[in-house]
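Since the structure comes first, as structure tokens, the remarks are kept for the end.
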Amino acid sequence: MTQDELKQAVARAARDYVAQHLPAGGILGVGTGSTANFFIDELAGIKDRIGGAVASSEATKQRLEGHGIRVLDLNDVTAMSIYVDGADEIDAGFSMIKGGGGALTREKIVAAVAQTFVCICDASKLVDVMGKFPLPVEVIPMARAYVAREIERLGGKPKLREGFVTDNGNVILDVHGLSIADPKGLEARLNQIVGVVTNGLFAQRGADVLLLGTPDGVKTSKR
Ligand code: 5RP
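For the record, in the sequence shown the residue sitting at position 90 is 89 according to numbering that gives the first Met the number 0, with numbers rising by one throughout.
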């Protein structure tokens, strides 16, 4: 199976999860990226069950609306039972690195509101120790050089994502060379650097359910 076939299979499994667990007319949070895109396309088939969706990026908003799915402003939503999103890496404790697509801040905000975070990814994303995938950090543009120096002091090698601006008008530093033994600690430490908007470690609020696409089928596990 190709990686795209695994993503497609996991997207179908996520659609079934939503059909089963989202209360009729409930609000669904929707992530960003290629796996999330497969999921959005699958979601179109059950859109009548969904009261509305909250998008974690402008790209996701456009794709949802393209399928005729109503997109709500998060500020108008008081409860969201499920958030579905991909990951760049996930470990056995369901901590994740996210932000490969640069949507980490809005993803983290939407995930914070949701009761259940359902992570959808192919088996290549499951790792013992995170950090091989460069950790994205969203930074206020004027703080870029200062934040980069502070990250170097912590042992990381930050690299500016060239030509990329987030939906919030900020820049991304991709931090290489990390071996993340303490995801919660590093998440908190990075967020303390002035000028950091947020970082792509989702450890304090990790996933609750993992739908993992493998050549032997989609495996479901819960934290
Ligand atoms: C975007 C993300 C994505 O969930 C992550 O990059 C995984 O993407 P893909 O499904 O394309 O592999 O965090 O900001």
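Ideal placement from N, C-alpha and C gives every residue a C-beta, glycine not left out. Predicted model, so just to flag it, every value in this text is computed and none were measured.
{"Query": "Where in the segment 168–216 do unbroken runs of the alpha helix (DSSP H), each at least 4 residues long, occur, reported from the N-terminal end onward?", "Result": "182–190"}
{"Query": "Taking Cβ positions, are I108 and L134 nearer each other than 8 angstroms?", "Result": "no"}
{"Query": "Look up S56 in the DSSP assignment and say whether it is helix, strand or coil.", "Result": "coil"}
{"Query": "Could you spell out where the alpha helix (DSSP H) holding F163 opens and where it closes?", "Result": "That residue, F163, is in no alpha helix (DSSP H); it is neither H nor E in DSSP."}
{"Query": "Would you call L153 buried or exposed, if buried means 16 or more other Cβ atoms sit within 10 Å of its Cβ?", "Result": "exposed"}
{"Query": "Going by alpha carbons, who is nearest to V226 out of P22, I39 and L21?", "Result": "Given a span of 0 to 222 for the chain in the structure shown, any question on residue 226 remains unanswerable."}
{"Query": "Check D15 in the structure and name its three-state DSSP category.", "Result": "helix"}
{"Query": "Assuming G85 contacts G32 (C-beta within less than 8 angstroms), just tell me the rounded distance between them.", "Result": "5 angstroms"}
{"Query": "In the structure shown, what three-state DSSP assignment does I139 receive?", "Result": "coil"}
{"Query": "If you follow the beta strand (DSSP E) that L21 is part of, which residue opens it and which one closes it?", "Result": "Neither: L21 is in no beta strand (DSSP E) and is coded neither H nor E."}
{"Query": "Return helix, strand or coil for S33, following the three-state DSSP convention.", "Result": "helix"}
{"Query": "At which residues does the alpha helix (DSSP H) containing A111 begin and terminate?", "Result": "L103 to V112"}
{"Query": "Just checking D244 against ligand 1 - is the residue's beta carbon closer than 7 angstroms to any of the ligand's heavy atoms?", "Result": "The requested residue 244 is not part of the displayed model; the chain covers only 0 to 222."}
{"Query": "Determine contact between the segment 78–96 and the segment 117–129, defined as no fewer than three beta-carbon pairs at a distance below 8 angstroms.", "Result": "yes"}
{"Query": "Do you know offhand how far A187's Cα is from G162's?", "Result": "27 angstroms"}
{"Query": "Within its chain, find whatever has a CB closer than 6 angstroms to the CB of I26; leave out the 5 residues flanking it on each side and keep chain order.", "Result": "G50, G51, V76 and M79"}
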